[in-house]
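A.B. asks: Would you mind keeping the following structure in view while I ask a few things?
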Amino acid sequence: GGEWLPPALQAMRELYDLGIPTFASCWGFQAMAAALGGQVITDLSRAELGTVEVCLTDEGQADPLFGSLENCFLAPMGHQDCVVELPPNAIRMAFSNKVQNQAFKIADKPIYGTQFHPELNRLSLIERVKAYPQYVEAITGDTIDVFVQKCGVTDLQKLLQKFVQSI
């Protein structure tokens, strides 16, 4: 929380009200969901860190943006909070074993969100995680060296490219 949170959520609602094309990832995904009527909780049993298999829903497979991905793919992750209830007008696009709401599209607006980080690749994920080593063992139970070995290759920047091309 903090005093900065209400204005941040209001900014998310304004993006929606104005219909401004928006792609929100990780905290932005959670904030957009909360701002539009969804529910976000902290749940360490559903925390994900590293590269995690994410699968598209039928709606995700049919979506012009998400449909460009494989049905299941590795996604860079780093979160302890998760969206447990989507906003009323959100369409679930993807899920993982631990987190049912990995991505959504707002039905009537050009607004997309992902819990995962499509802007990161394997190297940038590892670089980012090394800045917060305390989370590696807490979430994965691994040392940083084992974590690095387990990180798979990701290629989700085409998702962002498709989004930019769509606006």
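Each residue of the sequence shown is one higher than the one before, counting from 1 in this note's numbering.
We put the beta carbon where it would ideally sit given N, CA and C, even for glycine.
#1: Gln105: buried (16+ other C-beta within 10 angstroms of its C-beta) or exposed?
#2: Could you give the DSSP three-state label for Gly113: helix, strand or coil?
#3: Alpha helix (DSSP H) containing Val148: first to last residue?
#4: Got a sec? Which residues, its chain only, sit under 6 Å from Met12 by beta carbon, not counting five neighbours each side?
#5: Kindly give me the distance between the Cβ atoms of Arg92 and Glu59, rounded to whole angstroms, as I take these residues to be in contact under 8 Å.
#6: Looking at the unbroken beta strand (DSSP E) that takes in Lys162, where does it start and where does it end?
#7: In three-state terms, what does DSSP make of Glu70?
#8: So, are the CB atoms of Ala24 and Gly113 less than 8 Å apart?
#9: Tell me which residue opens and which closes the beta strand (DSSP E) that Ser45 is part of.
#10: Sorted by chain position, which residues of the same chain lie with C-beta nearer than 7 Å to Ile139's C-beta, five sequence neighbours on each side aside?
#11: Shortest alpha-carbon distance to Asp81 belongs to which of Lys150, Cys26, Glu70?
#12: Evaluate the contact criterion for the segment 68 to 81 versus the segment 115 to 134: three or more CB pairs, one atom per stretch, below 8 Å.
#13: For Cys55, list the residues DSSP reports as bridge partners.
C.D. replies: Well, looking at it:
#1: It is worth fixing the name first, because residue 105 is Lys in this sequence and not Gln. So Lys105 counts as buried.
#2: strand
#3: 144 to 150
#4: Ala31, Met32, Ala35
#5: 7 Å
#6: Premise fails: Lys162 lies in the alpha helix (DSSP H), 157 to 166, not in any beta strand (DSSP E).
#7: coil
#8: yes
#9: No beta strand (DSSP E) holds Ser45; DSSP gives it neither H nor E.
#10: Ala47, Leu49
#11: Cys26
#12: yes
#13: Cys72, Phe95
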